[in-house]
Amino acid sequence: MGAFDFVKIFRVNKSISIDLGTANILIYDKQRKKIVLNEPSVVARDRKTGKLIAVGREAREMLGKTPESIQAIKPLQDGVIADIDSTKEMITYFIHKIYGNSLFKPEVMICVPIEVTSVERKALFDAVKGAKKTYIIEEGRAAIIGSGVNISQPEGSMVIDIGGGSTDIAILSLDEIIASKSIRIAGNRFDEDIVRYVKRKYNLLIGDRTAEKIKKEMATAIKVQSPEVMEIKGRDLESGIPNTVEINANEIYEAIEDSLFQIVNSTKEVLEKCPPELAADILDNGIVMTGGGSLIKNFIDMMEKEVGIKVFLSPNPLDSVVLGGGAAFDNKKLLRTLQMKEN
């Protein structure tokens with residue numbers, strides 16, 4: 027069966043929102059009013075036959091641990107599709123996992139980074155080929171809606187959405203994006219920064235999953251007086267054998283500092299493009315931060331200090347994009363502004 031081969035399915039009106047994240051894929055079912063899937067965006071396949079061996083959590087456990095005969099990959103890079111065939115198979119697998127054999131022909135809302143190319147947009151439409159209607163909404167716009175902000179008012183709102191592959195920064199009013207920027211610096215870049223730092227300072231090679239664990243448990247955006255300490259394990263690059271070293275939170279700050287400030291500087295660039303009346307609104311209303319990267323310790327405080335505007339953490343930082351995509355179905359005016367393909 028092809029990806030989203032919905033024609034052979036029972037007739038039910040259904041609307042689903044899909045956050046195709048670099049790290050995780052989330053699916054929100056509007057009729058059920060809940061997130062029905064949250065799985066890592068990873069697939070594993072047999073190199074010889076090309077057959078899928080595992081998808082999601084099971085495939086993620088294989089990253090960096092597979093023999094030559096098995097390839098475990100992330101089909102989404104920097105928030106967009108890098109491997110269209112694997113993405114199609116992954117989506118089909120997850121839809122079948124949720125709904126079984128009773129497939130349907132739904133409306134689909136795909137949440138994407140603000141500055142995706144036309145080629146990337148076509149790949150996204152192809153990934154859900156067969157859906158009744160497919161809409162594309164920018165992650166920044168979806169994230170602020172999913173954070174509970176009413177962007178339909180003639181009032182300026184601002185969001186910083188730090189995902190796995192990209193950070194989307196946007197100023198919105200009357201359902202439209204007034205000024206925005208998308209940069210490919212986000213959670214995955216922080217992981218890469220940590221890997222490079224440990225390699226350079228301790229001559230120790232660690233994997234992406236270890237770096238992610240360090241980030242989640244220890245990363246800070248401001249140096250602290252009594253930093254946490256963690257033991258990390260990896261391969262010593264001189265001896266070639268496993269080794270253990272201790273690393274503290276302030277060292278992690280040093281590792282990710284440049285990437286943090288690139289997000290801060292991009293936020294300032296977007297603010298510089300803001301019309302004066304909307305700038306006054308943002309000064310009053312503050313900025314919403316969301317996405318997994320917003321959970322780095324002290325990042326809210328750092329951002330406030332650097333831009334001079336109050337910053338708030340979204341009530342649903344990990345889910346705001348997919349929830350906003352689901353809520354967008356209820357805004358008919360907004361739907362008319364989104365790129366849409368009907369099958």
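The sequence shown begins at 27 in my numbering and counts up one residue at a time. In this text, a Cβ means the ideal position worked out from N, Cα and C, and glycines have one as well. Computed from a prediction, not measured in an experiment: that's the story for all the values here.
In this structure, Ile-79 places its C-beta atom within 8 Å of the C-beta atom of Ile-96. For Asp-310, the enclosing alpha helix (DSSP H) has its first and last residue at 302-311. Taking 8 Å as the cut-off, the Cβ atoms of Lys-40 and Asn-369 do not count as close. Take the alpha-carbon of Lys-359 and the one of Ser-178: they are about 9 Å apart. Taken through DSSP and simplified to helix, strand or coil, Arg-210 comes out as coil. Residue burial is scored here from C-beta neighbours: Leu-263 has fewer than 16 other C-beta atoms within 10 angstroms and is therefore classed as exposed. Judged by DSSP in its simplified three-state form, Gln-179 adopts coil rather than helix or strand.
Between the alpha carbons of Lys-299 and Ala-196 lies a gap of roughly 10 Å.
Scanning Lys-77, Asp-45, Ile-258 and Arg-73 for the CA closest to the CA of Pro-66 turns up Asp-45.
Apart from the 5 residues on each side of it in sequence, Asp-152 sits with its Cβ closer than 7 Å to the Cβ of Ile-110 in its chain, given in chain order. Between Gln-103 and Gly-191, the C-beta gap is smaller than 8 Å, which places the two residues in contact. Inclusion of Ile-186 and Thr-293 in the CB contact set at 8 Å is warranted, their separation being smaller than that value. Taking a C-beta distance under 8 Å as the contact criterion, Ile-258 and Ile-273 qualify as a contact pair.
For Arg-167, the closest of Pro-132, Ala-205 and Thr-160 by C-alpha to C-alpha distance is Ala-205. Annotated as distal: Val-68 and Lys-91, with beta-carbon spacing of 8 Å or more. Thr-75 carries a coil assignment under DSSP once its states are collapsed to helix, strand and coil. Within the same chain, and ignoring the five residues on either side of Ser-173 in sequence, the residues whose Cβ sits closer than 8 Å to its Cβ are Val-185, Val-314, Thr-316, Ser-340, Pro-341, Asn-342, Ser-346 and Gly-350. Taking a C-beta distance under 8 Å as the contact criterion, Ile-162 and Val-138 qualify as a contact pair. CA-to-CA, the gap between Ala-281 and Tyr-223 works out to about 6 Å.
Beyond the five residues adjoining it in sequence on each side, Lys-207 comes within less than 7 Å, by CB distance, of Ile-195, Ser-292, Glu-295 and Val-296 in the same chain, given in chain order. Only residues of its own chain outside the window of five on either side were considered, and among them Ile-44, Leu-150 and Ile-162 have a CB closer than 6 Å to the CB of Ile-136, listed in chain order.
When the alpha-carbon of Leu-364 is set against those of Glu-87, Glu-165, Asn-176 and Val-81, the nearest one is in Glu-165. Residue pairing of Val-348 in beta bridges, as defined by DSSP: absent, with no partner found.
Thr-270 and Gly-260 have their C-alpha atoms roughly 7 Å apart. Between the C-alpha atoms of Ile-203 and Arg-73 there is a straight-line separation of about 43 Å. In the DSSP assignment, Ile-326 falls outside any beta strand (DSSP E) and within the unbroken alpha helix (DSSP H) covering 325-333.
Taking 8 Å as the upper bound for CB-CB distance, Ala-247 and Met-328 are in contact here, some 4 Å apart. If you compare the alpha carbons of Asp-234, Gly-334 and Leu-309 with that of Glu-181, the shortest gap goes to Leu-309. Cβ-Cβ separation between Ile-220 and Ile-240: approximately 6 Å, consistent with a contact (criterion under 8 Å).
Taking 8 Å as the cut-off, the beta carbon of Ala-275 is found closer than this to the beta carbon of Met-244.
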